[in-house]
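In order, the protein sequences belong to chains V and A. If you count by the working numbering, then the first sequence holds residues 0 to 347, one letter each, in order. If you count by the working numbering, then the second sequence holds residues 0 to 347, one letter each, in order. Here a beta-carbon is modelled for each residue, glycine too, at the ideal position from N, C-alpha and C. Below is one structure, written out as structure tokens; the observations come after it.
There are 2 protein chains.
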Amino acid sequence: MIEDKNQQRTQLSDLGEFGLIDHLTKNFKISHKSTVKSIGDDAAVLDFKNKKIVVTTDLLVEGVHFDLSYMPLKHLGYKAAIVNLSDVYAMNAKATQITVSIAVSNRFPLEALEDLYAGIETAAKIYNIDVVGGDTTSSTTGLLISVTAIGEIESNNEVYRDGAKSNDLLVVTGDLGAAYMGLQVLEREKEVYKVNPNSQPDLEGYSYIIERQLKPEARKDIIKLLKDLEVKPSSMIDISDGLSSEIMHLCKQSKVGCDLYEEKIPLDPQVISTCEEFNIDSTTVALNGGEDYELLFTISQDDYSKIKANPNFTVIGYMKEEQAGIHLVTRADTKIPIKAQGWKNFNA
Amino acid sequence: MIEDKNQQRTQLSDLGEFGLIDHLTKNFKISHKSTVKSIGDDAAVLDFKNKKIVVTTDLLVEGVHFDLSYMPLKHLGYKAAIVNLSDVYAMNAKATQITVSIAVSNRFPLEALEDLYAGIETAAKIYNIDVVGGDTTSSTTGLLISVTAIGEIESNNEVYRDGAKSNDLLVVTGDLGAAYMGLQVLEREKEVYKVNPNSQPDLEGYSYIIERQLKPEARKDIIKLLKDLEVKPSSMIDISDGLSSEIMHLCKQSKVGCDLYEEKIPLDPQVISTCEEFNIDSTTVALNGGEDYELLFTISQDDYSKIKANPNFTVIGYMKEEQAGIHLVTRADTKIPIKAQGWKNFNA
Numbered sequence: 000m001i002e003d004k005n006q007q008r009t010q011l012s013d014l015g016e017f018g019l020i021d022h023l024t025k026n027f028k029i030s031h032k033s034t035v036k037s038i039g040d041d042a043a044v045l046d047f048k049n050k051k052i053v054v055t056t057d058l059l060v061e062g063v064h065f066d067l068s069y070m071p072l073k074h075l076g077y078k079a080a081i082v083n084l085s086d087v088y089a090m091n092a093k094a095t096q097i098t099v100s101i102a103v104s105n106r107f108p109l110e111a112l113e114d115l116y117a118g119i120e121t122a123a124k125i126y127n128i129d130v131v132g133g134d135t136t137s138s139t140t141g142l143l144i145s146v147t148a149i150g151e152i153e154s155n156n157e158v159y160r161d162g163a164k165s166n167d168l169l170v171v172t173g174d175l176g177a178a179y180m181g182l183q184v185l186e187r188e189k190e191v192y193k194v195n196p197n198s199q200p201d202l203e204g205y206s207y208i209i210e211r212q213l214k215p216e217a218r219k220d221i222i223k224l225l226k227d228l229e230v231k232p233s234s235m236i237d238i239s240d241g242l243s244s245e246i247m248h249l250c251k252q253s254k255v256g257c258d259l260y261e262e263k264i265p266l267d268p269q270v271i272s273t274c275e276e277f278n279i280d281s282t283t284v285a286l287n288g289g290e291d292y293e294l295l296f297t298i299s300q301d302d303y304s305k306i307k308a309n310p311n312f313t314v315i316g317y318m319k320e321e322q323a324g325i326h327l328v329t330r331a332d333t334k335i336p337i338k339a340q341g342w343k344n345f346n347a
Numbered sequence: 000m001i002e003d004k005n006q007q008r009t010q011l012s013d014l015g016e017f018g019l020i021d022h023l024t025k026n027f028k029i030s031h032k033s034t035v036k037s038i039g040d041d042a043a044v045l046d047f048k049n050k051k052i053v054v055t056t057d058l059l060v061e062g063v064h065f066d067l068s069y070m071p072l073k074h075l076g077y078k079a080a081i082v083n084l085s086d087v088y089a090m091n092a093k094a095t096q097i098t099v100s101i102a103v104s105n106r107f108p109l110e111a112l113e114d115l116y117a118g119i120e121t122a123a124k125i126y127n128i129d130v131v132g133g134d135t136t137s138s139t140t141g142l143l144i145s146v147t148a149i150g151e152i153e154s155n156n157e158v159y160r161d162g163a164k165s166n167d168l169l170v171v172t173g174d175l176g177a178a179y180m181g182l183q184v185l186e187r188e189k190e191v192y193k194v195n196p197n198s199q200p201d202l203e204g205y206s207y208i209i210e211r212q213l214k215p216e217a218r219k220d221i222i223k224l225l226k227d228l229e230v231k232p233s234s235m236i237d238i239s240d241g242l243s244s245e246i247m248h249l250c251k252q253s254k255v256g257c258d259l260y261e262e263k264i265p266l267d268p269q270v271i272s273t274c275e276e277f278n279i280d281s282t283t284v285a286l287n288g289g290e291d292y293e294l295l296f297t298i299s300q301d302d303y304s305k306i307k308a309n310p311n312f313t314v315i316g317y318m319k320e321e322q323a324g325i326h327l328v329t330r331a332d333t334k335i336p337i338k339a340q341g342w343k344n345f346n347a
């Protein structure tokens, strides 16, 4: 919301495609033995010896997944990496490489793309991944980022969505709904700015929920923690679309039902207070908000003692027979069926 | 250029994202042992045992890489797969899996995406690859396709861009410039159609060059042929941007120069006649046209006897010391330096 009219601008057409890729990726270091050949050939070459590899891909579209009026490009680059790494961790795997493709219109100068790549580089450093390839092209309108993440997994360590059993405990990491409420605050400030461009955004008291929206983290730490605790989940998924959607994926693919306890859903105090301020139900936000990038998994009740004392984990329900259905057990002890949300992106 | 006003239209929002992915990918079969887990989890799981894997990714943007007024969606799906497989083959590798992500605006009904995926499925069958993942999202404007291809390679079989040596022969497969001239014909017919929407496109006599533009093939056959002939190229690249650009990549990365002989550049008779009709120099088209998806490689002169009788290969020049530079030797025996072209996509 703050525009610097004097910023340096280098036209992308001055560099050419190959000059641009070279320029943007010149600082990227390789740190994995499995990366045999990186950026600069027709393809990257990876050598995983006897390990299995996992591959996942996500597309982020301007105007659908992000709004550059409050999303700094550096954060966007970071987030584009994170959302894919989160999918790798949700397989109980170690993330090792990513490829990054961008389509970008002429309105972006080189300096904007440098910011974007600086965010990708930061994520690569923090999460210890190699950037091994990509594609850079022009678009007729906005910015679009496609990231593919690759990871490795020891045999028999992979955790799918289809392994949950009746009576397994449903566990979530961290807390839910903060990214969505952060977005609500940012959208509100954008509207204020539109009316009065001289206003300064008032974001005090919202730092946690705004950071969860603008600079989310993927739960690499949880994969290590589960290993240390000797817990192998029976099923696992990351929370990108919202708790209810992810529970439905686990239930559908595992052919089980579920009781989710409203009172157990972990919420940060800032989420609760912001929900009150916006007059939104916090349970609805946790169920449908999305973009939390926490991990949702099921474990055998035998493993409960291993996780119960750990502040990273909250048991929020348990799995049932398929015919029991999928329900939210409310604080008033009534049962409400959890249903699929429409696909909001296509209803716009 | 032919619009069917009565075609069936199913709104994408009726299906939701997950319903859409399920629907579009339900016919996809798995045929590789290395595909352990495919579409439907956070990531695909692949197991390549002791082989190295190659990974490559490409982004195709409506209005930049394709024009739906003459590119049928089925062909577009096919081509999106092909351009990535071509990069895998250019590593001397075997393509095994792809992921496909699309961003699509509301103006596309389900039936359009079915056509797109039918093209992807056809490519997957013909080239024997598994579709193992992807992402489907909305876009604010046009259609965008991001494909990541994965392949495997026996140790020591990989061929990079940086292995060319002085005195190596420069070899190209097939013929060049046809895809570009096919595009010129299609663009001309589009202009005619704009002026008179009742006109029927006149494409007779251009079938080869139009097919090269709308339904290109990747040279999987060449990788097998080179193996059968016991030829391992010293360097290799696929021709996506045009011969001159690819030669410069090989020379720059291998630190060598090159003499390219104009009279040796393989051209189809239809390219020559269409160039005459459009009053364009055919050598310029071959050098800068792009989208041929032929393979360009260098071999030791010792291997010449193995390839010389084969109609798939044309020796078009030889590599020199780096300080000799990169030149086109014309039919008139003058030497013209080969220079980088601007990045036309960003000059629009």
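Selection Gln252(A), Ser137(A), Lys73(A), Lys189(A) evaluated against Asp114(A) yields Lys73(A) as nearest (Cα-Cα). Secondary structure in the stretch 253 to 311 of chain A: the beta strand (DSSP E) runs of 3 residues or longer, each lying completely within the stretch, are 255 to 260, 294 to 298 in chain order. For Asp237(V), at least one C-beta of chain A is nearer than 8 Å to its own C-beta. About 6 Å separates the CB atoms of Ser104(V) and Thr140(V); that is less than 8 Å, so the two are in contact.
Residue burial annotation: Arg106(A) is exposed, with fewer than 16 other C-beta atoms found within 10 angstroms of its C-beta.
Residues of the stretch 46 to 77 of chain A with a C-beta atom less than 9 Å from some C-beta of chain V are Asp46, Phe47, Lys48, Asn49, Lys50, Lys51, Ile52, Val53, Val54, Thr55, Thr56, Asp57, Leu58, Leu59, Val60, Glu61, Gly62, Val63, His64, listed in chain order. Gly176(A) places its beta carbon 8 Å or farther from that of Ile38(A).
Between the stretch 164 to 172 of chain A and the stretch 115 to 132 of chain A, the count of Cβ pairs shorter than 8 Å is below three; the stretches do not touch. Among the residues of chain A, none has a CB under 8 Å from the CB of Gly256(V); the nearest is roughly 19 Å distant. Boundaries of the alpha helix (DSSP H) around Gly181(A): 177 to 194. Three or more Cβ pairs closer than 8 Å define a contact, and the stretch 84 to 96 of chain A meets that threshold against the stretch 232 to 251 of chain A. Residues are counted here when their Cβ sits less than 7 Å from a Cβ of chain A; for the stretch 153 to 166 of chain V these are Glu157, Tyr159, Arg160, given in chain order.
At least one CB atom of chain A sits nearer than 8 Å to the CB of Ile149(V). Taking a contact to require three or more Cβ pairs closer than 8 Å, the stretch 142 to 153 of chain V and the stretch 263 to 271 of chain V do not qualify as touching.
Ala94(V) sits buried, since 16 or more C-beta atoms from the chains shown fall within 10 Å of its C-beta.
The residue among Lys263(A), Lys254(A), Asp227(A), Leu23(A) with its C-alpha nearest the C-alpha of Leu242(A) is Lys263(A). One alpha carbon belongs to Asp21(V), the other to Glu61(A), and they sit about 25 Å apart. Listed in chain order, the non-local C-beta contacts of Lys164(A) below 8 Å within the same chain comprise Ser233, Ser253, Val255, Thr297, Ser299, Met318, local neighbours out to five positions each way being set aside. Contact between Leu11(A) and Leu109(A) is confirmed by a C-beta separation of about 6 Å, below the 8 Å threshold. Contact between the stretch 181 to 199 of chain A and the stretch 211 to 230 of chain A is present: three or more C-beta pairs spanning the two stretches fall below 8 Å. In this structure, Phe27(A) sits near Glu120(A), with a CB-CB distance shorter than 8 Å.
The beta-carbon distance between Ile315(A) and Leu225(A), rounded to whole angstroms, is 17 Å. This is too long to meet the 8 Å contact definition. Residues of chain A whose Cβ lies closer than 7 Å to the Cβ of Ala117(V) do not exist; the shortest such Cβ separation is about 21 Å.
The Cβ neighbour count for Ile335(V), taken over all protein chains shown within 10 Å, is under 16; the residue is labelled exposed. The closest CA to that of Asp240(V), considering only Asp66(V), Leu249(V), Glu290(V), is found on Glu290(V). The continuous beta strand (DSSP E) containing Ser145(V) extends over residues 143 to 152. The DSSP-derived three-state label of Val158(V) is coil. In this structure, the straight-line span from the alpha carbon of Asn287(V) to that of Lys189(A) is close to 46 Å. For Asp220(V), the enclosing alpha helix (DSSP H) has its first and last residue at 219 to 227. In chain A, no part has a C-beta under 8 Å from the C-beta of Gly241(V); the shortest such distance is about 12 Å.
Across the structure, Gly204(A) and Phe65(A) are spaced so that their CA atoms are roughly 22 Å apart. Taking every protein chain shown into account, the CB of Lys219(V) has 16 or more other CB atoms within 10 angstroms, so this residue is buried. Residue contact check for Ala43(A) against chain V: a CB pair falls below 8 Å. Residues of chain A whose Cβ lies closer than 7 Å to the Cβ of Met318(V) do not exist; the shortest such Cβ separation is about 18 Å. When secondary structure is reduced to three states using DSSP, Tyr317(V) falls in the strand class. At a cut-off of 8 Å between beta-carbon atoms, Thr95(A) makes no contact with chain V.
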